[in-house]
Amino acid sequence: MKKLSREIDDYLSSKNKTYTDLAKEIGVAKSTVSNWINRDKEISVYTFAKIAYVIFANDKDKQEQKIIDYLGTLEDRLNINVKVAFALAHLNDHVLLIEYLAGICKESRDLEMRRFADIFNLYIDRLKGKNVRDVYLNIQKVRSSNTDVEIFCDILSMLILCDLGDFGLMQGYKERVEKNITGDKLVTNTHLKSLYGFWVKELWSYSILRKNNSLQFVRENGELRTYKDIDFFPVMEALLNIRSGENLMFSDYKKSLYFFQEALNVLNGAKGSLKYNIALNDINFIRIFWWKDINKIDFDRVHPAEYALFLVKKGKYGSVAKFS
């Protein structure tokens, strides 16, 4: 904590700012920041994540590590902070944080925390490339009466349906999550409720995009961009830019490329991230599809599907057959 306090003080000094300025920037009371720094009073992991973004701007890996370090110091309300941290981690491509959270849940003496380990590990299985149909079937085995476990199960189900391009059951999962986060009886934490809402709405907007309902997608995407704290979580905004680019990829090369490059500018510091690879593959695809800026493609990093399209465009059908 002392090291982090020094880093915060160094940042504020370099920017000629005070604790009051920092508190105002992240949208909390001055006492919240000063009591945390000077009296070791805990703040929520959500607030800490915003501080980490401000202090360590443009260093996604350091932000992730600082969140992990901070979680290791928490004694109170760990249950709620773990759920918030997991939602933030997945939405912002913090894979190490996801694995850390699954680990502390598995080792917990709390039964509810251990139940989170089961569903979190299924998220990890998907991220590591395991057969998503098998993961989908395993979701039913980890469901419980815990509302948050059910929500995480439903969101993972939606993620896998998006992977498969099978959107028939999406609405049922979406409506159940929305029902669970409506009111203050089941999910009481405002940050968690907000993150769940954003997550489900983004997945739903993607299903709309895949159904070629461009106008409704644009409305949904625009509403997502009004998320209160999106400026602190640029990876979440980067995904919205990726989706906007995908919406235009067959109709407007220039605008589509703009959105993909905006996303890459944010994701460039974490080139191993899933979202970075999606944006890069999308750029390669539109360059090949429109046959523009071909010389800018790094063929050492081209996805097999895009390379097959490249061979087709070159008329090398025999090579496509061998490549397949």
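Using full-length UniProt numbering, the letters of the sequence shown correspond one by one to residues 1 to 324. Glycine included, each C-beta is placed from N, C-alpha and C at the ideal position.
| Query | Result |
| --- | --- |
| Grab the span of the alpha helix (DSSP H) containing Lys228 for me, first residue to last. | No alpha helix (DSSP H) holds Lys228; DSSP gives it neither H nor E. |
| Might you give, ordered along the chain, the residues of its own chain that have their beta carbon closer than 7 angstroms to the beta carbon of Ala279, omitting 5 neighbours on each side? | Ile242, Phe260, Ala263, Leu264 and Leu267 |
| The alpha helix (DSSP H) spanning Trp204 covers which residue range? | Thr190 to Arg210 |
| By the DSSP assignment, the alpha helix (DSSP H) with Asp125 in it spans what residues? | Leu111 to Leu127 |
| Could you check what DSSP says for Thr20 in three-state terms: helix, strand or coil? | helix |
| Between the region 205 to 217 and the region 244 to 257, are three or more C-beta pairs nearer than 8 angstroms? | yes |
| Cα-Cα, which of Arg77, Gly197 and Leu12 is closest to Leu88? | Gly197 |
| Counting pairs of beta carbons, one from the region 180 to 188 and one from the region 29 to 40, are three or more of them closer than 8 angstroms? | no |
| Just checking, does the region 168 to 178 make contact with the region 138 to 148 on the three C-beta pairs under 8 angstroms criterion? | no |
| How big is the Cα-Cα spacing for Asp252 and Phe167? | 26 angstroms |
| Quick one: measure Cβ to Cβ for Val135 and Ile104, integer angstroms, because I've assumed they're closer than 8 angstroms. | Between Ile104 and Val135 the Cβ distance is about 22 angstroms, and since that is not below 8 angstroms, they are no contact. |
| What are the uninterrupted segments assigned as alpha helix (DSSP H) that are 4 or more residues long and contained completely in the region 60 to 100, given in chain order? | 60 to 71 and 78 to 91 |
| Measuring alpha carbon to alpha carbon, tell me which residue in Phe289, Glu306 and Asn295 is nearest Asn277. | Glu306 |
| Could you give the C-beta distance for residue 325 and Asn189, rounded to a whole number, given that I count them as a contact under 8 angstroms? | Because the chain in this structure spans residues 1 to 324, residue 325 falls outside the shown range and cannot be described. |
| So is Phe299 buried or exposed if we call it buried at 16+ other beta carbons inside 10 Å? | exposed |
| Quick check on Val28: does DSSP put it in helix, strand or coil? | coil |
| For Leu169, count neighbouring C-beta atoms within 10 Å of its own C-beta (all shown protein chains included) and say buried if the count is 16 or more, exposed if not. | exposed |
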